[in-house]
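Read left to right, the sequence shown gives residues -21 to -1, 1 to 392 (mature numbering (1 follows the signal peptide of the UniProt record, and there is no 0)).
Have a look at the structure below, then the notes.
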Amino acid sequence: MRLASLFVRVVLVMLACGCGGGGGPGNTSSSDGAGGSGGSTGSGPQNPEPSPPTRGGTMTFTNVGAPGWWPRRIDREAGDPACTYKDGNDTWGGHCCMKEQHTTSDTLAPFDEEMTLIMKALRLKQLAVYQPGEDPSSWPLVSSWDAQSGHGKNLVVTEGQTTSADFTGDFTKKDCVNYFMQETPFSCGDGKDYYCPNDPGINHLGWKGSKLIVFRASMTFDDAGVEKCDGGGQGHPGPWVAFVASELIRDGGRKWNGLCNCYSKTGTVGDGCGEINVFEVVMDNNPYSNREFMSTGVRSFQAGHVGGNVCGEGCDRDAFADDVEVVDACTKKAYTTGPEIAVGGDSDGCPVWRRPVGDRYFMILLDEKQRQIQVAVMHPDNVPAAAAAMLPSLPGGLSRTTIDALLSMRLPE
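Shown next as structure tokens:
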């Protein structure tokens, strides 16, 4: 298929997409000399899926964080003066009380709050979470999982009403949404000033402050083999990885309570408590959909939607070289260096990802010190020098020097 003569840059405005220092206990050693909380995630990926090496890609979001506010749901009676933002009904007709939750932080806010990882429609092989320790020069491994053992360390996954540290990692059989959190339960007190639903599966700690999520996975599978989460026929096969405010999934309905959650303070854009669609394959049967490309977008009160470009129905992955990961949907060209997107400022074009074939390392790094969000896709057979201390070993800790090197990547280089 030829590329269409016109590409549309679209910011996806979706309140609910069905498709698309919280450090925990750990270990003691690190090949990076950082003094981590555990050995490593394991001996290697289970059933690796080879593919021709690529040059890798990054999208770097700068100027992240600003003072501001978002609507927070609290558990107060109708008419309570604490309901300063909303005193009405939620999606299902129950009472909804919300207040303005203000922050004075400008270092990553609101993404310095607790965040929960979401995945669907991919095959996970390894996962590691790093966060700064008491010594800011060291980022220990705080949570991990690999397919060899199938068991998480300070990591649990909730699907439906089932929460466990043990899972296969194959999320391609059903289109269920899977929530990744720390093992430690979240305590929200009496709920009057922080709403807690009767939903034990998602009442676990997320990751607060600076954090690095890196995982090895494949998005290569037969779309027809994906069933609905309830088993009732063909499911939605679009891969989705998101990193969202833990508060958002605790507002009731696990993010899908559209009339009573912290996602937006205007009701039309994601200008609320923070959501990052880290990797989203848009497959919604509309002109913006294309199973061969992925979108990355950042949403919060700071600037509403940032990024979130798509390469729609006229976009052909074969128009680009086989070693390309990141492309400009507006100019119809591959990037020669990783694009930057300034929150509230300029963007290097309209960056999107080609959907990978075979295994990749996927990374999202949120850093308070440099006020950056770094998103990366790296081929296992072509690990960049800046990531060599982390990949493929996923050691028990990383040094601040390694974190800075990861933030400086502008792949391809």
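Glycine included, each C-beta is placed from N, C-alpha and C at the ideal position.
When DSSP states are grouped into helix, strand and coil, Ala224 belongs to the strand group. Per DSSP, Tyr64 has no beta-bridge partner at all. Each residue's CA atom was taken as its position, placing Ser225 and Thr39 some 23 Å apart.
In its chain, beyond the 5 residues on either side, Gly337 have a beta carbon closer than 7 Å to the beta carbon of Pro29. CA-to-CA, the gap between Leu120 and Asp230 works out to about 29 Å. The beta carbon of Lys190 sits closer than 6 Å to the beta carbons of Gln110 and Leu345 from its chain, once the five residues preceding and following it are set aside; these are given in chain order. Around the C-beta of Asn269, 16 or more other C-beta atoms lie within 10 Å, and the residue is accordingly described as buried. In the three-state reduction of the DSSP assignment, Asp307 falls in the strand class.
Pairing Pro50 with Glu79 gives a Cβ-Cβ distance under 8 Å.
Linking Arg102 to Gly246 through their CA atoms gives a straight-line distance of about 34 Å. Under the DSSP assignment, Thr381 falls in the alpha helix (DSSP H) whose first and last residues are Arg379 to Ser387. In the three-state DSSP reduction, Pro179 falls in the helix class (H, G or I). DSSP places Arg296 in the helix class (H, G or I) of the three-state scheme. When DSSP states are grouped into helix, strand and coil, Ala368 belongs to the coil group. Inter-residue distance for Ala282 and Gly253 is about 11 Å (C-alpha atoms, whole angstroms).
Scanning Ser378, Thr147, Pro115 and Ser143 for the CA closest to the CA of Ala126 turns up Thr147.
Using a Cβ-Cβ distance cut-off of 8 Å, the stretch 156 to 176 and the stretch 195 to 203 are not in contact, since fewer than three pairs of beta carbons, one from each stretch, lie closer than that value.
With contacts defined by Cβ atoms closer than 8 Å, Ala61 and Arg52 do not form a contacting pair. The stretch 39 to 115 is shown to contain whole beta strand (DSSP E) runs of 3 or more residues at 47 to 53, 65 to 68, 74 to 82, 94 to 99 and 102 to 109, in chain order. Taking Arg389 as reference, the option from Val43, Gly317 and Ile343 with the minimal CA-CA separation is Gly317.
Between the C-alpha atoms of Lys207 and Gly217 there is a straight-line separation of about 12 Å. For Ser387, the number of other beta carbons within 10 angstroms of its own is below 16, and it is reported as exposed. By the criterion of at least three beta-carbon pairs nearer than 8 Å, the stretch 57 to 77 is not in contact with the stretch 175 to 186. A direct Cα-to-Cα measurement between Pro24 and Gln105 gives close to 6 Å. Under DSSP, the beta-bridge partners assigned to Lys132 are Ser123. Phe272 places its beta carbon 8 Å or farther from that of Trp219. Here Val354 is bridged, per DSSP, to Met38 and Ile343.
The beta carbons of Glu304 and Gly131 sit no closer together than 8 Å. Close CB contacts of Leu370 within its chain, under the 8 Å cut and outside five residues either way in sequence, are with Val193, Tyr340, Met357, Pro359 and Val362 (chain order). For Leu191, the enclosing beta strand (DSSP E) stretches over residues Lys190 to Ser197. Inter-residue distance for Val261 and Pro164 is about 33 Å (C-alpha atoms, whole angstroms).
If you look at Ser279, you'll find it in the beta strand (DSSP E) that goes Phe272 to Ser279. His284 is bridged by DSSP to Arg278. Across the structure, Ile97 and Ser143 are spaced so that their CA atoms are roughly 15 Å apart.
Residue environment analysis places Asp325 among the exposed positions, since fewer than 16 neighbouring C-beta atoms fall within 10 angstroms of its C-beta.
Apart from the 5 residues on each side of it in sequence, Leu385 sits with its Cβ closer than 8 Å to the Cβ of Leu191, Met342, Leu344, Gln353, Ala355, Ala365, Ala366 and Met369 in its chain, given in chain order.
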